[in-house]
Amino acid sequence: MTGIRLTAPAPGWAIDADVVVVGSGVAGLTAALRCAAAGLDTVVVTKARLDDGSTRWAQGGIAAALGEGDTPEQHLDDTLVAGAGLCDEEAVRTLVTEGPDAVRRLITTGAHFDTTDSGDIALTREGGHHRRRIAHAGGDATGAEISRALVEAVREAALHTIENALVLDLLTDAEGRTAGVSLHVMGEGQHDGVGAVRAPSVVLATGGMGQVFSATTNPSVSTGDGVALALRAGAEVSDLEFVQFHPTVLFLGADSEGQQPLVSEAVRGEGAHLVDADGVRFMLGQHELAELAPRDIVAKGITRRMHEKGAEHMYLDARHFGAAMWEQRFPTILAACRSHGIDPVTEPIPVAPAAHYASGGVRTDLRGRTTVPGLYACGEVACTGVHGANRLASNSLLEGLVFAERIAADIAGVRPPRTEPAKAPGEADTPVPLLAPEARTAIQRTMTRGAGVLRSADSLATAAEGLESLHREAAADAEADGAKAVVPGVDAWEVANLLLVSRVLVAAAREREETRGCHWREDRPDRDDAHGRRHLVVRIGPDRTPVVHRTETAAFPPVRPSD
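The sequence shown begins at 10 in our numbering and counts up one residue at a time.
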């Protein structure tokens with residue numbers, strides 16, 4: 010344990026449970042439903058409403074070997090290629106072999122996928138896949154349908170849910186085992202203000218951290234809260250340098266910030282072309298799959314062409330689809346484009362890469378266990394080893410589904426006893442100095458400039474110094490006599506989380522002196538398999554400094570010394 014906690018008031022209320030699941034996307038709600046079905050007293054904590062996470066924004070679909078002639082082995086091969094030598098093959102094999110049945114159980118739960126005239130699940134292709142294996146719903150509203158089905162199932166099961174609640178820190182007992190979480194509930198309800206859910210098992214399913222960058226496809230709630238909590242609790246994170254920038258995000262202007270509309274890879278899967286302002290298909294010849302190459306390759310191809318042409322964006326041309334196909338297959342994207350004055354039926358769509366998905370996160374084993382006993386992680390917040398250096402398209406929903414089920418099975422099998430927190434939450438050994446909410450923009454711009462799609466030793470050094478300056482200023486202000494203290498609250502806590510995960514991401518990116526997957530170093534353009542096929546594992550020291558460790562092989566070490 011680090012003894013580091015956020016500066017926050019002591020809890021004014023507490024409830025007890027067997028399991029607390031933090032997050033309400035596909036991973037969190039699946040874990041919660043399975044735990045409850047096993048007879049465990051389960052509480053779901055979510056930052057906004059139950060259906061407000063990243064899952065509902067997923068357009069493309071969920072990948073699984075469901076089609077005729079497709080096999081888990083072929084799905085495995087495509088995933089390993091996309092992961093650029095850093096996937097854990099056992100984790101990938103678990104994903105692709107258990108995935109098809111997990112999708113069928115999701116259908117049993119109530120999710121409705123698009124079907125063919127014969128009644129089979131309709132499948133499409135996306136980047137990096139050599140077969141049509143992407144199941145979708147509502148054309149391009151797969152995440153929304155999955156979220157709807159799971160939220161309905163949670164409500165039917167009458168699970169205890171706490172909405173509009175920001176998780177703060179992990180509680181641990183005298184032995185260092187998980188004993189619950191502290192959290193802050195925003196607004197009125199059964200609980201209000203800072204409180205605690207005491208439970209011997211905590212499942213982090215908090216989603217991503219795309220808000221560390223100025224432009225992202227992630228919703229505003231994706232501020233890295235789960236990764237930050239895990240780091241403060243002493244857990245290891247890994248592969249945080251591998252941030253996937255989605256190649257085709259609707260370009261709204263160079264100064265546009267916040268959540269940006271995604272133009273799903275499935276649009277390219279159905280035959281759309283990437284072109285420059287002259288109509289030239291620039292991905293031809295760059296990869297055998299052209300526009301359907303893995304995302305890191307397409308993002309780099311777009312960025313290179315932008316630099317060559319001195320342009321701020323490229324174009325996605327799907328005019329040949331016609332109005333009927335746009336309206337039936339991609340109604341969500343069509344509406345988003347038209348709301349911004351662009352009609353993809355009659356004109357190409359301006360697109361540019363934006364931060365999309367964290368391939369790394371809190372390090373886990375195949376049962377979702379982290380390096381802190383009793384703390385689990387699944388979904389985007391976790392690093393299972395499935396994605397390696399670059400996530401294969403539509404593997405994210407499947408990973409959340411498969412590993413959530415595995416976590417529930419592990420907790421139900423162990424059924425650890427409830428224990429008391431070693432000390433009252435808020436009695437921090439080292440309270441984290443809080444930054445003013447305005448620092449959020451400074452962090453995002455620093456990260457976008459220095460640790461975005463293109464990185465170099467100089468850009469990362471500048472980013473590191475900018476982030477450390479913010480870190481030092483916060484500490485100095487907290488210690489200065491007469492300085493105006495930042496009032497603890499959601500905005501300040503989110504900024505503290507963003508700063509912590511940004512510092513760790515940049516520390517790892519500086520250490521990885523090669524180009525691999527979605528980590529693109531301009532000054533180190535080649536892949537270095539002799540030294541680079543290693544994972545970078547990071548902890549936070551008691552002084553809140555990132556400590557980076559390079560694994561000895563491409564395999565992850567066990568999360569428990571005895572394993």
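Glycine residues also receive a C-beta, built at the ideal position from the N, C-alpha and C atoms.
Here Ile-116 is exposed, its C-beta having fewer than 16 other C-beta atoms within 10 Å. Distance check between Gly-383 and each of Glu-447, Leu-179, Ala-174 and Phe-222 places Leu-179 closest, using alpha-carbon atoms only. By the criterion of a C-beta distance shorter than 6 Å, Ala-239 is surrounded in its chain by Val-371, once the five residues flanking it on both sides are discounted.
DSSP places Asp-419 in the helix class (H, G or I) of the three-state scheme. C-alpha of Asn-404 to C-alpha of Ile-71: approximately 6 Å in a straight line.
By the neighbour-count definition (other C-beta atoms within 10 Å, threshold 16), Val-163 is a buried residue. Contact between Leu-259 and Gln-269 holds, since their C-beta atoms are separated by about 6 Å, short of 8 Å. Non-local C-beta neighbours of Met-292 in its own chain, meaning closer than 6 Å and more than five positions away in sequence, comprise Leu-283, Ala-299, Glu-300 and Gly-310, ordered along the chain. Rounded to whole angstroms, the separation of the alpha carbons of Pro-256 and Glu-161 is 33 Å.
Below 8 Å, too few C-beta pairs join the stretch 496-514 and the stretch 328-343 to call them touching: fewer than three. The beta carbon of Asp-182 is closer than 7 Å to those of Ala-188, Thr-428, Glu-429, Pro-430 and Ala-431 in its chain, skipping five residues each way along the sequence. Contact check for Ala-473 against Val-515 passes: the beta carbons are separated by less than 7 Å. Shown here for Ile-416: same chain residues with a beta carbon closer than 7 Å to its own, the five before and five after excluded, namely Ala-40, Val-212, Arg-376, Gly-377, Tyr-385 and Cys-387 in chain order.
For Ser-210, the enclosing beta strand (DSSP E) begins and ends at 210-213.
Taken in chain order, the complete alpha helix (DSSP H) segments of 4 or more residues contained in the stretch 234-274 are 234-241.
Partner residues in the beta bridge of His-169, as assigned by DSSP, are Val-52.
Each residue's CA atom was taken as its position, placing Gly-233 and Phe-222 some 11 Å apart.
The closest CA to that of Pro-442, considering only Ala-539, Val-496 and His-145, is found on Val-496.
Ranked by Cα distance from Arg-481, the first of Met-334, Leu-509, Gln-68 and Ala-26 is Leu-509.
No Cβ-Cβ contact shorter than 7 Å links Val-252 with Val-236. A Cβ-Cβ separation of about 10 Å leaves Val-30 out of contact with Val-190 under the 8 Å criterion. Here Ala-518 is near Arg-464, since their CB atoms are less than 7 Å apart. For His-84, the enclosing alpha helix (DSSP H) starts and ends at 81-91.
DSSP lists Asp-178 and Ala-205 as the bridge partner or partners of Ser-191.
Taken in chain order, the whole alpha helix (DSSP H) runs of length 4 or more contained in the stretch 284-327 are 304-318. Trp-22 is classed as exposed because its beta carbon has fewer than 16 other beta carbons within 10 Å across all chains shown. Classified as exposed, Val-556 has fewer than 16 neighbouring CB atoms from the shown chains inside 10 Å of its CB. Under the Cβ criterion (8 Å, minimum of three pairs), the stretch 71-85 does not count as touching the stretch 54-63. Cβ-Cβ distances below 7 Å link Ile-130 to Leu-75, Phe-122, Thr-124 and Ala-144 in the same chain, with the five nearest sequence neighbours on each side left out; the list follows chain order. Below 8 Å, enough C-beta pairs join the stretch 349-365 and the stretch 320-336 to call them touching: three or more. Counting other Cβ atoms within 10 Å of its Cβ, Ser-127 stays below 16 and is therefore classed as exposed. Sequence-distant partners of Gly-369 (beyond 5 residues in either direction) whose C-beta falls short of 6 Å from its own C-beta, in its chain, are Ser-247, Asp-248, Leu-249, Phe-251 and Cys-392.
Annotation for Thr-117: the continuous alpha helix (DSSP H) segment containing it runs 98-118.
In the structure shown, Leu-479 adopts helical secondary structure according to DSSP, grouped into three states. In this structure, the CA atom of Gln-68 is about 14 Å from the CA atom of Gly-136. Sequence-distant Cβ neighbours of Ala-111 in its own chain, meaning closer than 8 Å and more than five residues away, are Ala-73, Leu-407, Leu-410, Val-411 and Glu-414.
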